[in-house]
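Below is one structure; the comments refer to it alone.
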Amino acid sequence: MATTAKARHWADLLADDLSSQRGHRHVINTGITPSGEIHIGNMREVVTADAIHRVLSERGDESHLLYIADTYDPLRHVYPFLDRQRYQDQVGKPLSEIPCPCGQHPSYSEHFLAPFLASLEQLGIRPTVHRADQLYKAGTYSETIGIALQQRDLIRRILKEETGRDTPDDWSPFNPLCQVCEHITQAQVTGFSVAAQTVDYVCRCGQRGTTPMAGGGKLTWRVDWPARWKIFGVTVEPFGKDHASKGGSYDTGVRIAREVYGIEPPYPVPYEWLSLAGKGDMSSSKGNVLSIHAMLEVVPPEVLRYLILRVPPQRSIRMDPGLPLLQLIDEYDDVEAKNRDSRALELSAISGVKPIGVPYRHMVTVVQVAQGDADEWLEILRRNGYQLDNPQGLRQRAAYARRWLETFAPEDLRFHVQEQLPEAAKALDGEQKQALRLLGERLRPGMTGEQIHQLIYTLKDELDVKPDLLFKAIYLALLGKSQGPRAGWFLSTLDATFVKQRFAEAAAAMGVSEQCP
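First residue of the sequence shown: 207, per my numbering; consecutive thereafter.
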């Protein structure tokens, strides 16, 4: 798909560089350790990889997208979300060999991986998925394990030169899995046979034994990563900025790839973190997460993609699920929005999904006015002049709006239209009552939100009343609270006859100070 200079996107520029440097056949790799809830911060990596994959595929390049879950990594701590008594003895065992926290999945790793993979499907991302434990057990890593063990001294020297840190004399690039205590962090390599593909070890539990390279342990992370590049022919890989730091995993991986495995390392695409407003960078181990599957309950998947893809990877993203999320959805939907990134929208698209043409903030107001009644909110939208030619999309968006209200909405955006004049409205002063009376008299059925908005400001000027007092009077008369949704558009969702009657009633109501003794 051709793009104009104006529409060029970071993924297009990156693909240009890839094609010129690496040719037209690519394997894009991404992955995560499923040690806890896989959150939307982790999502940046896989969405970035998918965008690159889409652009390369558009151009006619051969592109394969991989997702490798590090299920053979050990459980490093009893995280705050785990039962300490149950999981204390599991620390150091591979995630794939630990019981599921809820008892509904085959393993601990699958408990967190399964909902994430389901979320990828919703996001329109369909990589080839590999689980590291299955790769190791199948012998996929055995050749690279043998090479690493033979080149142990060279790898130690690379680690020293790149990180400035020494490794212990008994250090090994391979962590054996003890056949007795089942820990993958406690055994030391005492010998190996490349021909037999076995490793000898002694474990802190007292066990001595020989284990096969196929499934009998795993490479340490800094060696596992370049081994993976060799096994799968990886040419492109996005990764977090922690791996991109000087002397980090990528720097050591580059040298191990070239000097130990004899391959070129993949084209690096480092990315900045996605932080949660008011809580900082997301972290599964600290419990500071907003899971992808939970977010997909309150926001359309293409909007989550757009959140990531409109920002270059080297820039951080601050995620605020409150009002800014509404603004983002409206930016996605509004073809006239000035900040709308058309190319990011193309790369965010999921088959069959299209904008519904109703501002999300307005939908949030409408579903509350209708109190969840689908026929009612459809009638309100019809009355407001919106096209209803995508009823399925409207119903989906209304469901998202209701769940967002329940989960993330600021208090001033939550409301309930009162059936009777609220007691608080009886305290309005004479100026406010006069404004409500005139507003009710001038309201006409079929007025748009913009027309009502202009009417409110015309009255404000006529009566020389402060706008905040006028808005407060409107909200008190209808909601019994001093704040609410944008007044003109809110009033346009209500039946005009009801509003006129309510304002007349509020204007005529007598407060305690006005009543005769």
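Idealized CB from N, CA, C, for every residue including glycine.
Here the structure is a predicted model, which is why all the values come from computation and not from measurement.
- The segment 562–577 and the segment 588–606 touch, with no fewer than 3 CB-CB distances between them shorter than 8 Å.
- In this structure, E478 and P519 form a Cβ contact; the two beta carbons are roughly 7 Å apart against a cut-off of 8 Å.
- For the pair P379 and T426, the CB atoms are nearer than the 8 Å cut-off.
- With a contact defined as Cβ atoms closer than 8 Å, A712 and L642 qualify at about 5 Å.
- Inter-segment contact for the segment 660–668 and the segment 602–610 is absent: fewer than three beta-carbon pairs are separated by less than 8 Å.
- The criterion of a C-beta distance shorter than 8 Å is satisfied by T441 and P472.
- Assignment of L323 by DSSP, reduced to helix, strand and coil, places it in the helix class.
- Within a 10 Å sphere around the beta-carbon of L594 sit fewer than 16 other beta-carbons, which makes this residue exposed.
- Residue pairing of S399 in beta bridges, as defined by DSSP: T404.
- Closest option to L551, judged by alpha-carbon separation, among Q574, G528, D526, V517: V517.
- Beta-bridge partners assigned by DSSP to V440: none are found.
- Between the alpha carbons of G528 and K544 lies a distance of about 21 Å.
- Annotated as distal: V429 and I523, with beta-carbon spacing of 8 Å or more.
- Annotation for N235: the continuous beta strand (DSSP E) segment containing it runs 231–238.
- Every beta strand (DSSP E) stretch that sits fully inside the segment 240–277 and reaches 3 residues is listed by chain position as 268–275.
- Annotation: G578 is outside any alpha helix (DSSP H) and is labelled neither H nor E by DSSP.
- The alpha carbon of H336 has as its nearest neighbour, out of H259, T239, T404, the alpha carbon of T239.
- With 16 or more other Cβ atoms inside 10 Å of its own Cβ, A354 counts as buried.
- For G422, the closest of G229, R464, Q340, L534 by C-alpha to C-alpha distance is Q340.
- Nearest to E443 by C-alpha distance, out of D372, S225, A255, I390, is A255.
- By the Cβ neighbour-count rule, L219 is exposed, with fewer than 16 other Cβ atoms within 10 Å of its own.
- Under the three-state reduction of DSSP output, I556 falls in the coil class, being neither helix nor strand.
- A631 is positioned such that its CB atom lies closer than 8 Å to that of A715.
- Short of 7 Å from the beta carbon of G237, and not among the five residues preceding or following it, lie these beta carbons of its own chain, in chain order: Y273, I274, A275, D276.
- For Y473, the enclosing beta strand (DSSP E) begins and ends at 473–477.
- Between N248 and R434, the CB-CB gap reaches or exceeds 8 Å.
- The C-alpha of F677 is placed about 11 Å away from the C-alpha of L645.
- Inclusion of R708 and A679 in the CB contact set at 8 Å is not warranted, their separation being larger than that value.
- The straight-line gap separating the alpha-carbon atoms of T416 and D359 is approximately 22 Å.
- Look at the beta carbons and you see the segment 450–468 not touching the segment 382–391: under three pairs across the two are nearer than 8 Å.
- Put simply, the backbone Cα of C308 is about 27 Å away from that of Q392.
- Cβ atoms of F621 and L531 stay farther apart than 8 Å, at about 18 Å.
- Under a 10 Å Cβ-count criterion, V541 is classified as exposed, with fewer than 16 other Cβ atoms of the shown protein chains found around its own Cβ.
- Leaving aside the five residues that flank Q689 on each side, the residues in its chain whose CB is nearer than 7 Å to its CB run, in chain order, D618, Y681.
- P616 sits exposed, since fewer than 16 C-beta atoms from the chains shown fall within 10 Å of its C-beta.
- Beta-carbon to beta-carbon, I586 and V570 are separated by about 12 Å, too far to satisfy the 8 Å threshold.
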